[in-house]
DNA sequence: CGATCCTAACTTGTATGGTAGTATGGATCA
DNA sequence: TGATCCATACTACCATACAAGTTAGGATCG
């Protein structure tokens, strides 16, 4: 059909699009997942008409999904020109990390003085499951369990709302995290950091819990350069390397 | 025309709706301003058709504005039922305050070690203007200058992006701040807090600057109960006073 | 051969029509 | 008098049509 450049072959692979829910949010989630898992790569153009055809719906819900993706900073809508997946930029990743660290450290600080044995047990159960996922090298499962771990912390502190506002910001980091499965951060190390956080919480050591969380969340700062070096085509072009051009 | 309950008489008062920009964001900003300044009050219903008529546009851009308002937590879209301005809830205000404090304290902490004389001068200039606004009891001008003060801090720390992500969250607090003009927090006190922050920054006292910012941002926590008592109709009904329900 | 202009095929933005679902008010019946 | 049922008038959501603008490519002219 389209003689244009690389178009994603199939976005609606695992997209049954139930009718019990509005279409627009379903399309949004499907596209976000496709972007975060890099099935559609930075720089690629997304056409409302094209995506609508793939999902078998009209342009309207697709358009609304595009707007939400743009607010999350995953695509850029250029009026009358096109919509494009934005490249990963160190600037955006670092900014997302900064915001996430500020909020999650504050959450863990509050939680240290109001933690309950039930919560500690729940967190330890999640860590056990993470060890199981690591043992079978199931990276997607670990990502989901990691997400559950941090969300449980936020909800335990009564800050579930804060976690929800964090989600669009986290999306900026998720593409990098998805690339980390190549082994940038060994899973046992991440899991041990989780364990250290829970240990400090169990002993109600506020400063210790905050420091442990900070160390954990700064892991991405050390892995980012390696990932960028490994996949330069996914990142924005380097500022100015004097000896590269055509 | 409409025999329904109280409809806002005129939303398009100061809404020329320039053609050089897309309509949807303009409608969004106009509606947000109307909600934040309480020209449309909590509980009030907003109809796509009605608003579209008032602005002289179609329903589509109005719908997109509604979606963005819903993401900011200012309205609630109930499918096939209607869109309603959500009441102010202590829970949401407290949550917004929590997130804002976490981020702004982190920003001021970073800024303490990288501040410049030019930035300090700029901040002091803003404080002078705030004193002038206070002297003439110009509350809207003070609100704008307060916003500029905090934004300048964030941009000075190289965290302008963080400030932008904070904006939709701040909207939750803005309705309360708008009500504060009745004198909940005396302006000189707020300005002195600003001055204390800048003073700590100028002396590069990181802990002091963080503490001063924390004190400043927690001001709303003390004024909130009074404002709620003064305008109970703008807030959600009280949770459960033990002597009312079954 | 080279630069310029113009046409045609895209893009997003907006307007309008139609559909499914919900709330409301009045008529009907016990 | 009271409760129940039903028709009507809303609502948000989706589909489709149109408009405004941009870009790419080919024809034309120098």
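Chains as they are written, first to last, in my numbering: chain A, 1 to 246; chain B, 1001 to 1246. Ideal placement from N, C-alpha and C gives every residue a C-beta, glycine not left out.
If you follow the beta strand (DSSP E) that residue i is part of, which residue opens it and which one closes it?
i	result
residue 56 of chain A	Neither: residue 56 of chain A is in no beta strand (DSSP E) and is coded neither H nor E.
residue 1160 of chain B	Note, residue 1160 of chain B: premise wrong, no beta strand (DSSP E); alpha helix (DSSP H) at 1160–1179.
residue 1083 of chain B	1082–1085
residue 1076 of chain B	1075–1078
Could you tell me which chain B residues have their CB closer than 7 Å to the CB of residue i, listed as they occur along the chain?
i	result
residue 161 of chain A	1095
residue 72 of chain A	Those do not exist, as residue 72 of chain A stays about 10 Å from chain B at its closest Cβ, beyond 7 Å.
residue 169 of chain A	1165
residue 249 of chain A	For residue 249 of chain A there is no data in the structure shown, the boundaries of chain A being 1 and 246.
Could you give the first and the last residue of the continuous alpha helix (DSSP H) run that contains residue i?
i	result
residue 1220 of chain B	1219–1230
residue 1028 of chain B	1023–1036
residue 1120 of chain B	1117–1135
residue 156 of chain A	139–156
residue 1104 of chain B	1090–1112
residue 1199 of chain B	1187–1202
Listing by chain order, which chain A residues have their CB less than 8 Å from the CB of residue i?
i	result
residue 1022 of chain B	79
Which same chain residues end up closer than 7 Å to residue i when comparing Cβ atoms and leaving out the 5 residues on each side of it in sequence?
i	result
residue 4 of chain A	Low per-residue confidence applies at residue 4 of chain A: pLDDT is 37, beneath 50, and the placement is therefore not dependable enough to give any value.
residue 210 of chain A	105, 108, 109
residue 1068 of chain B	1028
residue 1111 of chain B	1153, 1156, 1157, 1201
residue 206 of chain A	109, 112, 113
residue 42 of chain A	85, 86, 87, 88, 234
residue 1165 of chain B	none
residue 1215 of chain B	1193
residue 1133 of chain B	1141, 1142, 1145
residue 1122 of chain B	1152
Just to check my reading of the structure: residue i and residue j have Cβ atoms closer than 8 Å, yes? What is that Cβ distance to the nearest angstrom?
i	j	result
residue 1088 of chain B	residue 1221 of chain B	No, residue 1088 of chain B and residue 1221 of chain B are not in contact; Cβ-Cβ is about 14 Å, not under 8 Å.
residue 1074 of chain B	residue 1032 of chain B	7 Å
residue 1171 of chain B	residue 1162 of chain B	Rounded, the Cβ-Cβ distance is 16 Å, inconsistent with contact.
residue 1149 of chain B	residue 1187 of chain B	Actually they do not touch by this definition, with Cβ atoms about 13 Å apart.
residue 1116 of chain B	residue 1201 of chain B	That pair is no contact at about 10 Å.
residue 103 of chain A	residue 1102 of chain B	5 Å
residue 1064 of chain B	residue 21 of chain A	Incorrect: roughly 19 Å between the Cβ atoms, too far for contact.
residue 185 of chain A	residue 223 of chain A	5 Å
residue 1119 of chain B	residue 1130 of chain B	With 8 Å as the limit, residue 1119 of chain B and residue 1130 of chain B do not qualify as a contact, their Cβ atoms being about 17 Å apart.
residue 1100 of chain B	residue 1217 of chain B	6 Å
Excluding five sequence neighbours on each side, which residues of the same chain lie with their C-beta closer than 6 Å to the C-beta of residue i?
i	result
residue 228 of chain A	235
residue 1046 of chain B	1083
residue 232 of chain A	none
residue 62 of chain A	27, 48, 51, 52
residue 8 of chain A	Summary for residue 8 of chain A: the model assigns pLDDT 44, below 50, so the residue's position carries little reliability; its value from the coordinates is reported in the next sentence. Once the five neighbours on either side are set aside, the close Cβ partners of residue 8 of chain A are 40.
residue 238 of chain A	none
residue 72 of chain A	168, 171
residue 1044 of chain B	1085
residue 151 of chain A	163
residue 1189 of chain B	none
Short of 8 Å in beta carbon distance, which residues of its chain neighbour residue i, apart from the five on each side in sequence? Order them along the chain.
i	result
residue 1070 of chain B	1076, 1077, 1083
residue 179 of chain A	38, 227, 230, 231, 234
residue 18 of chain A	26
residue 1246 of chain B	Note that residue 1246 of chain B scores a pLDDT of 33, beneath 50, so its modelled location is shaky and nothing firm can be said.
residue 127 of chain A	149, 191, 194, 195, 198
residue 136 of chain A	none
residue 280 of chain A	The displayed coordinates of chain A run from 1 to 246. Any statement about residue 280 of chain A would go beyond what the structure contains.
residue 57 of chain A	17, 23, 27
Would you check whether the ligand MN has a heavy atom nearer than 7 Å to the C-beta of residue i?
i	result
residue 1046 of chain B	Absent from the structure shown: the ligand MN. Ligands present: none.
What residues from chain B crowd round residue i, counting only those whose CB sits closer than 9 Å?
i	result
residue 98 of chain A	1103, 1106, 1107, 1110, 1159, 1161, 1162
At least 3 beta-carbon pairs within less than 8 Å: the region 1089–1098 of chain B vs the region 1192–1205 of chain B:
no
Three or more C-beta pairs closer than 8 Å, one from the region 170–177 of chain A and one from the region 31–42 of chain A: is that the case here?
yes
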